[in-house]
Amino acid sequence: MIRKTSVLLLALLAGTSLSAQAADWGYGNSTEHWSDSYPTCGLGKNQSPINITSALKANLAPLRIEYNGKITSITNNGHTVEAKVSGDNKLIVDGDTYTLKQFHFHTPSENYIDGKQYPLEAHFVNMDDKGNIAVIAVMFENGLRENDALSSLLKNIPTKGNTIDFTDDLSPNNLLPREREYYQFNGSLTTPPCTEGVRWFVLETPQYSSKDQTEKLNQIMGNNNRPVQPINARIIVE
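Numbering (mature numbering (1 follows the signal peptide of the UniProt record, and there is no 0)), first residue to last: -22 to -1, 1 to 216.
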C-alpha cells in the first residue's frame, strides 16, 4: 500500500495526468476549481506554494545533498518537464535519508521569497523508504549567460506526451547552487490532490538561467504555477 501510494504521490507532484484515477486539471483560472474534485486543495491548512516571509532564525541541520547519479530520461507530460535519474542520489537531513526520484520545473516560480517571484523554479522530489516526501526547491534568476546544464536539457525535451532517453553526461547536482542555506516549512503537493505532509526545503541562493532559456521552458510548459496559499499557523525557519 505504501509503495502504491508513493508512486501516485510522485506522479501527481510532477503534474502527471492519471486519467484512470483522477479527473483532468490545469492551471490559470482553473486552479480555483481544483477543490471541486480534490477537497484538500481547498480545505487544507498547510498548502503549497507560499510566500516565504518572516522566517525565524534557527540552528538548522545542514542539507547533505549527495546527488552523484545521472539524468536518464526527460518527459513532457503536458503539465511540466520532468527528468528521471539513476545511480546514488541521496538527501540527508536531521538523520533522515531520502532518495531523489525526479525533478521538474515551473515557470514562473511557485514559491515567492519576501514577495519576489522568480522566472523559474525547479523541484527536486525526494522520498524515504516509508513514502515520506521532501522537496528541494531551487529558484532561477535570469542572468547574462546561459546555464550549461539547462542548455543540455533544453536540447532534449520531447513533444507533449512523450519521453526520451537522455544520453548526455549530466548529474542533477549540476542544477544546484553551491550554497545550501535554506528555508524550511511543512507544506503539500502543489498539484492535485494537494496532499499535505510534504517537507519543503527552499534554497536561499538562486541559480541562474538566461532569459531565452526561461522563455523556452515557458513556451513548452506554459504558466504552470499554482498561486501562493495562506501560511496560516505555520512557522518558517531558516
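By construction, the Cβ of each residue, glycine as well, lies at the ideal position given by its N, Cα and C atoms.
Problem set entry | DSSP state of residue -2 mapped onto helix, strand, coil | The predicted position of residue -2 is uncertain, since its pLDDT is 37 and thus under 50; a value taken from the coordinates is nonetheless stated next. Here residue -2 sits in coil by DSSP.
Problem set entry | Alpha-carbon to alpha-carbon, residue 91 and residue 115 | 12 Å
Problem set entry | Helix, strand or coil at residue 164 [DSSP, three-state] | strand
Exercise. Taking the alpha-carbon positions, what's the residue 13 to residue 61 distance?
Worked result: 28 Å
Exercise. How many whole angstroms separate the CB atoms of residue 112 and residue 179, which I take to be in contact at a CB cut-off of 8 Å?
Worked result: 7 Å
Problem set entry | Three-state secondary structure (DSSP) of residue 68 | Here residue 68 sits in strand by DSSP.
Problem set entry | Contact belief for residue 54 with residue 79 at Cβ below 8 Å, rounded distance in angstroms | Between residue 79 and residue 54 the Cβ distance is about 18 Å, and since that is not below 8 Å, they are no contact.
Exercise. Residue 45 to residue 158, Cα distance in whole Å?
Worked result: 13 Å
Exercise. Whose C-beta lies closer than 6 Å to the C-beta of residue 146 among residues of the same chain, with five residues either side of it excluded?
Worked result: 130
For this session: With a 10 Å radius around its C-beta and 16 neighbouring C-beta atoms as the bar for buried, classify residue 22 as buried or exposed.
Result: buried
For this session: Look up residue 213 in the DSSP assignment and say whether it is helix, strand or coil.
Result: Coil at residue 213, not helix or strand.
Exercise. Which first and last residues belong to the beta strand (DSSP E) in which residue 131 is found?
Worked result: Element bounds for residue 131: not the beta strand (DSSP E) but the alpha helix (DSSP H), 126 to 132.
Problem set entry | Spatial distance of residue 153 from residue 141 (CA atoms) | Approximately 20 Å, taken between the alpha carbons.
Exercise. Looking at the structure shown, is residue 74 part of a helix, part of a strand, or coil, going by DSSP?
Worked result: strand
Exercise. Should residue 148 be labelled buried (16 or more other beta-carbon atoms within 10 Å of its own) or exposed?
Worked result: buried
For this session: Grab me the residues of residue 1's own chain with a C-beta within less than 8 Å of its C-beta, minus the 5 sequence neighbours each way, in chain order.
Result: Model confidence at residue 1 stands at a pLDDT of 49, short of 50, so the residue's coordinates are unreliable; what they give is reported in the following sentence. If we look at residue 1 and ignore the five residues flanking it on each side, its Cβ neighbours are 15.
For this session: Please report how far the alpha carbon of residue 39 lies from the alpha carbon of residue 181, in whole angstroms.
Result: 13 Å
Problem set entry | The alpha helix (DSSP H) enclosing residue 49, as first and last residue numbers | That residue, residue 49, is in no alpha helix (DSSP H); its beta strand (DSSP E) goes 48 to 54.
Exercise. So residue 157 is in the alpha helix (DSSP H); what residue range does that whole segment cover?
Worked result: Element bounds for residue 157: n/a, residue is neither H nor E.
Exercise. Around the Cβ of residue 177, are there at least 16 other Cβ atoms within 10 angstroms (buried) or fewer (exposed)?
Worked result: By the 10 Å Cβ count, residue 177 comes out buried.
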